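Colleague: FYI, in my numbering the residues of the sequence shown are 5 to 204.
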Amino acid sequence: MIHSIAFSLLLAIHFMTPFTERELEIIHNGDAQTPFRVLQTTDPVDSLMLRMQSNDIDTDSIAHNASLQLLIERLKTTMEVAGGVGIAAPQAGILKNVFLFTRIDHPEKDVCVAINPRIIDHPVNKICFERDGCLSIPDTGGNSLRFPWVEVEYWDEKGQHHRERLEGYSRKEDFTAVIFQHEYDHLQGILFIDKLCPAQ
Ligand SMILES: [Zn+2]
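And the structure:
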């Protein structure tokens with residue numbers, strides 16, 4: 005009992021840290037149109053970085069944080085160039101809780117930015133999502149276990165707070181809820197290959 009309380013307290017702690025010198029160097033080594041190099045699991049150093057835990061960002065100064073804004077712009081460029089539907093900051097070597105996810109459910113919103121995201125509710129059972137893939141794992145696809153919906157909260161790039169329920173787990177129609185879960189996992193150092201459906 006005491007152990008489980010201590011454990012849940014531990015899970016609830018989120019560390020907020022400023023960008024490190026190395027992170028600022030990466031962010032500012034190109035302009036908004038310059039894609040980042042996407043870390044690859046096939047590279048030994050990259051693969052360690054992809055397994056690390058990211059930290060929260062100070063939400064008071066989101067709109068005025070020039071380095072954060074450039075990071076977001078460059079992540080957008082990187083995602084477009086790579087042809088992905090989502091990308092997380094650690095995939096560029098920036099260990100901060102920031103990712104982009106494509107709004108298949110709301111095409112007019114296009115790509116959304118999630119800063120300090122949380123998954124606050126989900127159903128008990130998972131589904132098997134077909135053909136997950138990752139910009140950091142070359143030439144590999146697989147079916148992954150995902151929640152069919154998630155209740156989430158996050159801040160956007162303007163510093164506005166959002167809380168909403170994301171649905172959509174069909175590869176053929178809408179899989180916005182799965183994109184959010186995939187990118188959220190990157191912030192914990194988790195990859196889709198950790199969540200493969202049991203072989204049938
Ligand atoms: Zn990925």
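All residues carry an ideal CB built from backbone N, CA and C; glycine is no exception.
These figures come from a predicted structure and were not determined experimentally.
At 3 residues or longer, and completely inside the segment 23-106: list those beta strand (DSSP E) runs for me, N to C.
Modeller: With a minimum length of 3 residues, the continuous beta strand (DSSP E) runs that stay inside the segment 23-106 are 90-92 and 102-106.
Colleague: CA-CA distance, residue 111 and residue 27?
Modeller: Straight-line Cα distance between these residues: approximately 32 Å.
Colleague: Between residue 181 and residue 188, which are expected to be in contact by the criterion C-beta below 8 Å, what is the C-beta distance as a whole number of angstroms?
Modeller: Incorrect: roughly 11 Å between the Cβ atoms, too far for contact.
Colleague: Is it a yes or a no for the segment 125-133 touching the segment 151-164, going by three-plus beta-carbon pairs under 8 Å?
Modeller: As far as the Cβ criterion goes, the segment 125-133 touches the segment 151-164, which means the pair count is three or higher.
Colleague: Are residue 76 and residue 161 closer than 7 Å when you measure CB to CB?
Modeller: In contact: residue 76 and residue 161 (Cβ atoms closer than 7 Å).
Colleague: Going straight from the alpha carbon of residue 98 to that of residue 58, what length do you get?
Modeller: Rounded to the nearest angstrom, the two C-alpha atoms are 8 Å apart.
Colleague: Would you say the beta carbon of residue 138 comes nearer than 6 Å to a heavy atom of ligand 1?
Modeller: Yes.
Colleague: Under DSSP, the alpha helix (DSSP H) around residue 187 begins and ends at which residues?
Modeller: It spans 180-191 - the alpha helix (DSSP H) in which residue 187 sits, taken as one unbroken run.
Colleague: So, helix, strand or coil for residue 125, using DSSP?
Modeller: Residue 125: strand per DSSP, three-state reduction.
Colleague: Between which residues of its own chain and residue 89 is the CB-CB distance below 7 Å, once the five residues before and five after are set aside?
Modeller: Contacts found: 106 and 183.
Colleague: So, with DSSP's three-state summary, where would you put residue 114?
Modeller: Of the three classes helix, strand and coil, the one that applies to residue 114 here is coil, per DSSP.
Colleague: List in chain order: all unbroken beta strand (DSSP E) runs of 3+ residues lying wholly within the segment 133-187.
Modeller: Here the runs fully enclosed are 145-150, 153-159 and 165-171.
Colleague: What does the alpha-carbon distance come out to for the pair residue 148 and residue 39?
Modeller: C-alpha separation (whole angstroms): 28 Å.
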